[in-house]
Every structure is written in C-alpha cells, then in structure tokens.
Amino acid sequence: MITIGLVYKKNNKGQPSIYIPLSLRPKVLALFHDTLCGVHANSQRMMDSLRKLYYWKGMQEDVNYWVNSCAVCQQYRRSTPNTAKLYSLQAHYPLEVISMDYLYVDGRWLLTVQDIFSKFLTSFVLPVGQSPSASTTITSLLDYFSAYGVPKRIYCDNGSHFKNYKVINFLSKFNSLMIFSPPYHPASHGGIEKANSTILGLIRKSGVGQDWSAYLPLLVLSYNCQKNDTTGFPPYTLFFGREAPSPLSLPSTGPTTATSSYNEYYDAISDGIRSTSATASQHTLQAVSRRQAYRKVNDVNIPTNGYVWYYNPVRSSKPSPKWLGPFRCTGVSIQSPSLVTLIDSNGKSFVKRSCS
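The sequence shown begins at 1 in the UniProt record's numbering and counts up one residue at a time.
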C-alpha cells in the first residue's frame, strides 16, 4: 500500500507499518537507540518500539547488530566478565620454577619459598624488627641458592621488595628470570598462598607458642617428608631424588642394596627420579582437573590483533563505565597465558588480565 509517497505494510495486528528503505535505516536505528528517545535500549525493547511504526526485511538482525556494536552499551553493560582460566605453573623438574612470598606471623616476617615441581618448602625468618625489602630478599635468595641451587625462573607478586631493580640485577647475575603475577589478583599466585597457609597451620598446631621461629625449620622438614596430596610423593623425595632420613625410622628400614661405585649410584637414582617424576606429573594434572573452581571458568580465546573490552569495576558513586576499550590485543604471555598485552588508541602498551 502506497500513500503520500510512503510504502506501508500491515503488521500482525492489522495496523500499517511504514517501509524504511536501506538508505534511511541507519538514521532510524540511531533515533530509536542513540538519542534520548531510545536511551540505549536493548535489542528486545528497541525492536518492540520499531515494529509498531516501521518495517523492513531483516529488521531484527539490524537491530541486534546496532546494539551489539554500540560503544556506550559495551562500556556500561551489566553482564559480569567471564573468569579467564588460570593456567597452572608447569614445571618438569626441581628448580625449574620456584615461587616466593612474604608472610607475617606474630610480629615477625618470613620469606616462604616453594619449588613448583616437588612442592619442596623452605622458609627464611627475618630478624626481629626487620621488614621485607630488596636487601632481605637478596639475602634470603642467596642462602637458598647456596643450599639448593639456582632456579631457572622465580614467580612472585608485584611487591616493591620483589619488583626492584636491585633484586632483578642480582638474579641476572645468576641467569635466573623473574616472573610477576597480575597485580591485585592473589588467585594467580595460589600455590604460594597455600604454602603460607600451610606454614601458619604448622605453627598453630605444633603448640610451640612464641618460640615458633626456633622450631620452624623442624616443622618445615616434617612437612617436606610427608606425602603431598597433589604429587603423591613427599616433597623431599622429589626434590633430592631419595627418601628422607627420619628419626622415626627403625635401623632395619635402611637401604637393603648397596652400590659399589659412584656411577652405579648415579644410575640408580636417575632411574628412580625418572619414574617418580613421571608419576608425580600425572598426579598433579589429575589434581588440577579435579578442582571445582577449575571447572567453573571459561577459556577465553583472544586472537592476535583482535579487539577486546577490559572489565574495570570502579567503586564510586559517579556513573563511570565498567568496561574500557576497545583495545587491540597484540599477544598472550607465554610465561603466564592468563595475561595479555593490550594497546590503546594512543599506542600505549600495557598488560592486563580477564578480557572478553
């Protein structure tokens, strides 16, 4: 039906709807969405308003595209971001990767260090009245290196006592790489946080009271000699390649076979290490897959040079946007796949987590 140069079509209620040609559709969509008449309505509300007056083929698809491509709607959308998958730190042998963190216990600071592969735990108690600093970190790491060896990579948070040019320069002399977890995201540093919780539990359950610092080495040794739930082996065994001597062992439970040479001993422990390492790695993967939190996340596949929005909740009474962007993603971190490098419209590069 044509009236005064307008083409009409009756809708499902028998009322006439004006046909909108292709050239005018962007203006109509903008009127019903971007202006004060539309107030950035969602697809369903916008479609309900349009179909009362207008018609064209493919209207629903055009409305969906218009709403989904609206920058303002993306910035203020209500949907919570998908939790990106946390990739476990992978290690295939002792001292490939260690993690460390400071812990405060009854007025004293201590540095907790854990080997990622074996879960071997070490702690260094700082002198009374001393707080974490670059100097205390270097001193503790030097003690660790001299006792156990130099790790290939060290994983830690962004504290100034770690992210410090003195510490980085010190580690560069040993060809050891420092990896930092995402800021304000302790879940990505969960292994060492669990180790800190373990140390607190050991101190409290032991009943040693204020003398805990004197007993801590024995408590940590006891932990290292017990079977770990994740690997299925004692941390001491995986770290050193042999069973730990224990004061609880009877004299008759010592080694039943003796080696006649250093080469024989080396071959024997090498075979044992290969077997236990493979089994421990399998147990670790099974433990990760069993965690309930691991099942509730979605793996976000971000293509290189693709555009993303970054979720940035602001605790403020001001109507600030919760989503920032879009940013161009230039790549995913190999060392920590949950981290991505983004570039803003000014060409500034920065690292963020949890994009969608």
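Ideal placement from N, C-alpha and C gives every residue a C-beta, glycine not left out.
Among the bridge pairs identified by DSSP, CYS329 is matched with LEU342. Annotation for CYS156: the continuous beta strand (DSSP E) segment containing it runs 153-156. Here VAL340 is buried: its Cβ has 16 or more other Cβ atoms, across all protein chains shown, within 10 Å. Here LEU324 carries a strand assignment [DSSP, helix/strand/coil].
Cβ neighbours of ALA214 within its own chain (closer than 8 Å, five residues either side excluded): VAL208. Counting only runs that start and end inside the UniProt domain "Integrase catalytic" (90-243), the beta strand (DSSP E) elements of at least 3 residues fall at 97-105, 108-115, 121-125, 153-156 and 177-180.
For ASP211 and SER222, the gap between their C-alpha atoms comes out near 17 Å. Here PRO127 is exposed, its C-beta having fewer than 16 other C-beta atoms within 10 Å. Comparing C-alpha distances from THR230 to each of SER99, LYS194, ALA134 and CYS329 shows the shortest one belongs to LYS194. Under DSSP, PRO16 forms a beta bridge with LYS10. With contacts defined as CB atoms closer than 9 Å, PRO132 and GLY159 qualify as a contacting pair. For TYR65, the enclosing alpha helix (DSSP H) has its first and last residue at 59-68. In this structure TYR65 is exposed. Its beta-carbon is surrounded by fewer than 16 other beta-carbon atoms within 10 angstroms. Separation of GLN74 and GLY331 (C-alpha to C-alpha, rounded to the nearest whole angstrom) is 22 Å. Beta bridge pairing from DSSP links TYR55 with TYR19. Judged by DSSP secondary structure, VAL72 falls outside any beta strand (DSSP E) and instead within the alpha helix (DSSP H) spanning 71-75.
Looking at the DSSP output, SER270 sits in no beta bridge, so it has no partner there. When DSSP states are grouped into helix, strand and coil, VAL28 belongs to the helix group. In chain order, ASP101, LEU103 and THR112 place their CB closer than 7 Å to the CB of ASN196, counting only its own chain and leaving out the 5 sequence neighbours on each side. The Cβ-Cβ distance between ILE179 and LEU110 does not fall below 9 Å. Leaving aside the five residues that flank MET59 on each side, the residues in its chain whose CB is nearer than 8 Å to its CB run, in chain order, MET47, LEU50 and ARG51.
One alpha carbon belongs to ASN263, the other to SER270, and they sit about 10 Å apart.
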